[in-house]
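> The structure's right below; bear with me while I get my questions together.
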Amino acid sequence: MNTRMAATIALAAAIMVGASGCTFSANIATQKEYDPSDGVGTTIDDVSVRNVLLITDEGQNLNLVMTVANNSTETVDLEVKWNLDGASGDETITLDGSALTSVGGPDDEQTIVISGTDVIPGALVPLFFTYGGAEGSQIEVPVLDGSLPEYELYLPADSE
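Here the sequence shown stands for residues -25 to -1, 1 to 135, where the numbers follow mature numbering (1 follows the signal peptide of the UniProt record, and there is no 0).
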């Protein structure tokens, strides 16, 4: 009887180790930092730039769409810089302290349209974000078009 009990315990232990051990060395997906959207993001000190996209109709004008969280209590001027073939420039967005600011949407007060480009949908465009004395961050921003219904409202004003 002892042999049978020992075999049962050994079998149960083997099944338990086999069933739970397969994830022992696997990376846990919730511990990986990623952008769960079509856009990309970055963090510069107390400012989090999220879901950054460029929306275009024919590539001539790019509407910058993003949400920015200012996690400090101070008002911040976020500078966005670009240097593309045929177009370079910079724009500044004022971010209230401890607030979210949406940019580029149909109801948003702040917009940035990059004009005079020949960028096609599907491309990646480098944008540089900085404020105050912060080091800044450059990210590769995807260019999308209005072929999907959720992006039609974000086309540059002259593309409609």
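Positions of the beta carbon are idealized from the N, C-alpha and C atoms, including for glycine.
In chain order, what residues of the same chain lie with their CB nearer than 6 Å to the CB of threonine 67, ignoring the 5 residues before and after it?
The sequence position of residue 67 within the sequence shown is 92, counting from 1. Around threonine 67: Asp52, Glu54.
> With DSSP run on the structure shown, which of helix, strand or coil describes residue 154?
Residue coverage of the chain in this structure runs from -25 to 135, which leaves residue 154 outside it and unanswerable.
> Which residue marks the beginning of the beta strand (DSSP E) containing lysine 56, and which one marks its end?
On the sequence shown, position 81 is the one that residue 56 refers to. Run containing lysine 56: 51 to 59, per the beta strand (DSSP E) assignment.
> Please state if the CB of glutamine 85 and the CB of valine 94 are separated by a distance shorter than 7 Å.
To locate residue 94, count along the sequence shown from 1; it is residue 119. To locate residue 85, count along the sequence shown from 1; it is residue 110. The answer is no: Cβ separation not under 7 Å.
> Is the distance from the Cβ of asparagine 45 to the Cβ of leucine 28 below 7 Å?
In the sequence shown, the residue the question calls residue 45 occupies position 70. In the sequence shown, the residue the question calls residue 28 occupies position 53. In this structure, leucine 28 does not lie closer than 7 Å to asparagine 45 by Cβ.
> What number of angstroms, rounded off, separates the C-alpha of serine 73 from the C-alpha of proline 81?
As a position in the sequence shown, residue 73 is number 98, starting the count at 1. As a position in the sequence shown, residue 81 is number 106, starting the count at 1. Taken atom to atom, the span from the alpha-carbon of serine 73 to that of proline 81 is near 23 Å.
> Could you check the C-alpha separation between leucine 128 and threonine 31 for me, to the nearest Å?
What you label residue 128 is simply residue 153 of the sequence shown in a count that begins at 1. What you label residue 31 is simply residue 56 of the sequence shown in a count that begins at 1. Within the model, the alpha-carbon separation for leucine 128 versus threonine 31 is close to 11 Å.
> If you pair each beta-carbon of the stretch 10 to 17 with each one of the stretch 105 to 125, do three or more pairs fall below 8 Å?
With a cut-off of 8 Å, the stretch 105 to 125 and the stretch 10 to 17 count as touching, because enough Cβ pairs lie within range.
> Helix, strand or coil: how does DSSP classify threonine -9 here?
Taking the first residue of the sequence shown as 1, we reach residue -9 at position 17. The residue you asked about is not threonine; residue -9 is valine in the sequence shown. Helix, per DSSP.
> Label leucine 37 either buried or exposed according to how many other C-beta atoms from any shown protein chain fall within 10 Å of its C-beta, with 16 as the threshold for buried.
For the purposes of this step, residue 37 is taken as residue 62 along the sequence shown, with counting starting at 1. With 16 or more other Cβ atoms within 10 Å, it is buried.
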